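In my numbering, the protein residues as written are -5 to 142.
Where a beta carbon is used, it is the ideal one built from N, C-alpha and C, also for glycine.
These numbers come from a predicted model, not from an experiment.
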């Protein structure tokens, strides 16, 4: 695989996960940084993007109740499993892989959104928008070649 493709897939997977939990995961001061992580090499500043870390982050940012956490955790776990399967499926073209990951993300976003209160939905939408802006900035800084 080319380096640009690998970077694109990493950013896509990261973006999909971050859009579920919010946009500011690139700079979470209270979250631990995974050891041996150099820039984009190992994930985000919040360490490994495990379902548990994502749920913890969402809980802190959106003030999730225990009931909401119990409903969201299996969604995040299932999404992680599905995304890993898509990333490891060598039969998919990059475009098909992207489409499949986007489909998984969209479905899970809808499931999670249904669990959130209207106030949490608003905040989550703002967080996702902020993350997309950061992602676009990273692309604009030569982090990866724009799609052609």
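Asked	Found
Segment contact flag, the stretch 109 to 122 with the stretch 82 to 94, C-beta cutoff 8 Å, min 3 pairs	no
Expected contact under 8 Å - CB spacing of residue 63 and residue 53 to nearest Å	6 Å
Test item: CB-CB of residue 69 and residue 98 under 8 Å	no
Nonlocal neighbours in the same chain, by C-beta distance under 6 Å from residue 76, ignoring five residues either side	98
Sub-8 Å separation of residue 86 and residue 67 beta-carbons	no
Environment of residue 57 [buried if 16+ CB atoms lie within 10 Å]	exposed
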